[in-house]
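To convert, note that position 50 of the sequence shown is 62 in this note's numbering; the numbers rise steadily by one, no gaps. Worksheet: the structure to be examined is printed underneath.
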Amino acid sequence: MAPDDYPALKLRAEDADDLAVLSACLQDALVAVRDLGYLAGERSFIFVANRFRWETGLRPLPGEEGHQRVLCAVTFGAVDGVSYRGFRRADEDRILCLLAIRTAGNANGGQTVLLEFAGDAAIRLDVSQILCRARDLGEPWPTPWRPRHDPDGGQ
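Shown next as structure tokens:
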């Protein structure tokens, strides 16, 4: 299957297992700090990511230009609070590299969703329930670069 034959990503996550799948799809996504938003009145946290299309395979087929990236909108609902670690919201030009999305319980009886980024940056979402949607936006574009990972767990 050629990379252009893969459909646009459209996922919903409602539990930790679903979030693990979403985390794998969004691994190594690039997120500009300016593209993060918490809408307290709507209890939503949103961001747009420049997502590496892992589903197209790790090696381009002969004659293909390379790998692909695509913009992906991610929305979390039922968000009661947001906190940031390792970066400042005022650093709008900073680009974060998403490593993983994890869940944990919290003291209020709800759950915590943790967005972990390279460089020890993180976003903590306190949620009453896991309610996440992710959807690719527009057309993918070629990139010659594939994310690489240190076998010792580093980036």
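Positions of the beta carbon are idealized from the N, C-alpha and C atoms, including for glycine.
Reference residue i; option with closest CA among the options
i, options, result
"VAL94", "PRO154, LYS22 and ASP138", "ASP138"
"ARG106", "ASP47, LEU127, GLU128 and GLU151", "ASP47"
"THR115", "ALA20, VAL43 and PHE88", "PHE88"
"ALA133", "ALA44, PRO159, PRO19 and ASN120", "ALA44"
"TRP157", "GLN39, GLY49, GLN80 and GLU67", "GLN80"
"GLY122", "ALA90, GLU128, ALA130 and GLY150", "ALA90"
"GLU67", "LEU149, ALA130, LEU21 and GLU128", "LEU21"
"ARG101", "TYR50, PRO19 and ASP29", "TYR50"
"GLY131", "CYS109, LEU149 and GLY150", "CYS109"
"SER56", "ASP92, PRO159, TYR96 and ASN120", "ASP92"
"PRO19", "GLU151, ARG160 and ALA32", "GLU151"
"LEU160", "GLU128, LEU111, LEU127 and LEU149", "A small correction: the amino acid at residue 160 is Arg; Leu does not occupy that position in the sequence shown. The candidate whose alpha carbon is nearest that of ARG160 is LEU111."
Span separating the alpha-carbon of residue i from that of residue j
i, j, result
"THR155", "GLY98", "28 angstroms"
"GLN141", "ALA52", "16 angstroms"
"LEU34", "GLU54", "22 angstroms"
"ASN118", "ALA41", "26 angstroms"
"ASP103", "ARG136", "18 angstroms"
"TRP153", "CYS144", "25 angstroms"
"ARG147", "THR124", "22 angstroms"
"ARG24", "ALA36", "13 angstroms"
Range covered by the beta strand (DSSP E) that runs through residue i
i, result
"VAL175", "Nothing about residue 175 can be read from this structure; the chain reaches only from 13 to 167."
"SER56", "56 to 64"
"GLY150", "144 to 155"
"GLN80", "79 to 88"
"ARG24", "22 to 25"
Run of the alpha helix (DSSP H) containing residue i, from where it starts to where it stops
i, result
"ASP30", "28 to 38"
Proximity test, residue i beta-carbon vs the ligand HEM heavy atom, cut-off 7 angstroms
i, result
"ARG136", "Ligands in the displayed structure: none, and consequently the ligand HEM is not present."
Simplified DSSP state of residue i, which is helix, strand or coil
i, result
"GLY53", "helix"
"GLY131", "helix"
"GLY98", "coil"
"GLU104", "coil"
ask   = Quick one: any contact between the region 74 to 94 and the region 57 to 65, if contact means 3 or more CB pairs under 8 angstroms?
value = Counting Cβ pairs under 8 angstroms, three or more are found: they touch.
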